[in-house]
Amino acid sequence: MKPLKYLQGYPPDILRQIQAIADQGKLGRWLTSKYPDRHDIQSDKSLYQYVDGYKQRYVRNASSLSKVYYDNKQNPITGTLGTNTFVSRVQGGKLKANNEIRIATLFREAPEAFLRMIVVHELAHLKEKEHNKAFYQLCCHMEPDYHQLEFDMRLWLNWRDQQA
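Numbering follows full-length UniProt numbering, in which position 21 of the sequence shown is assigned residue number 21; successive positions increment by one, without gaps.
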């Protein structure tokens, strides 16, 4: 069995438990029983609407989004599942700001809960740029199960790699 590369930093006892489940071939069955349904958010337009719905509900006062799209250059191996970029440009006598959220294309085939987790993470960056206590409090405000979803998503990434 391959090492659990997306779970680096977790306690060794948890890693041993997960490794045992994975070695028995039960990780995929457990994940599909917990997250049985895929979502239907397949286009960039539907992704923008999905993200904007969360933005309007939780971070309405944050700067507006100019683009939201699936990006096949986002890669979990390099550590990026989504990015939030903020670019300011001077156009004429005005300062124009663009906010873009890019979500890794692999989330097209992920359970909706994992897509929601990554969207919440990127939206939290509109208010908090650093991964600090306030950032994670905002994530938990938007998605109370944020930390569990992040852990389960990391399990899903490991399972996906095993299947490839």
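Just so it is clear, CB atoms sit at the ideal spot from N, CA and C, and this is done for glycine as well.
Span separating the alpha-carbon of residue i from that of residue j
i: D71; j: I103; result: 6 Å
i: M117; j: A110; result: 11 Å
i: A20; j: K26; result: 9 Å
i: S43; j: D52; result: 14 Å
i: Q162; j: L31; result: 14 Å
i: S63; j: A22; result: 42 Å
i: Y65; j: D152; result: Rather than Tyr, the amino acid found at residue 65 in this sequence is Leu. Taking the straight line joining both Cα atoms gives about 28 Å.
i: Y10; j: E100; result: 31 Å
i: Q74; j: R160; result: 16 Å
i: T80; j: H125; result: 14 Å
i: R57; j: S46; result: 17 Å
i: C140; j: S33; result: 24 Å
i: P12; j: Q24; result: 18 Å
i: T105; j: H39; result: 13 Å
Own chain partners of residue i with C-beta closer than 8 Å, once the 5 adjacent residues on each side are dropped
i: E128; result: A134, F135 and L138
i: R60; result: none
Neighbour-count burial assignment, residue i, 16 or more Cβ in a 10 Å radius
i: G82; result: buried
i: D37; result: exposed
i: K67; result: exposed
i: Y146; result: buried
i: A164; result: exposed
i: V90; result: exposed
i: E130; result: exposed
Test item: CB-CB of residue i and residue j under 8 Å
i: L115; j: F107; result: yes
i: L7; j: N158; result: yes
i: Y35; j: A113; result: yes
i: N84; j: E122; result: yes
Other residues of its chain near residue i: CB distance less than 7 Å, five sequence neighbours each side excluded
i: I18; result: L4, L7 and L155
i: Y69; result: D44, L47 and R102
i: G28; result: W159
Minimum Cβ-Cβ distance from residue i to chain C less than 8 Å
i: E150; result: The structure shown has no chain C; it contains just one protein chain.
Cβ distance (whole Å) where residue i is taken to contact residue j below 8 Å
i: Y50; j: I41; result: 5 Å
Residues near residue i by beta carbon distance below 6 Å, same chain, minus five either side
i: P92; result: The displayed chain sequence assigns Gly, not Pro, to residue 92. Cβ neighbours of G92 beyond the five flanking positions: none.
i: L149; result: A113 and M117
i: M142; result: Y58 and V120
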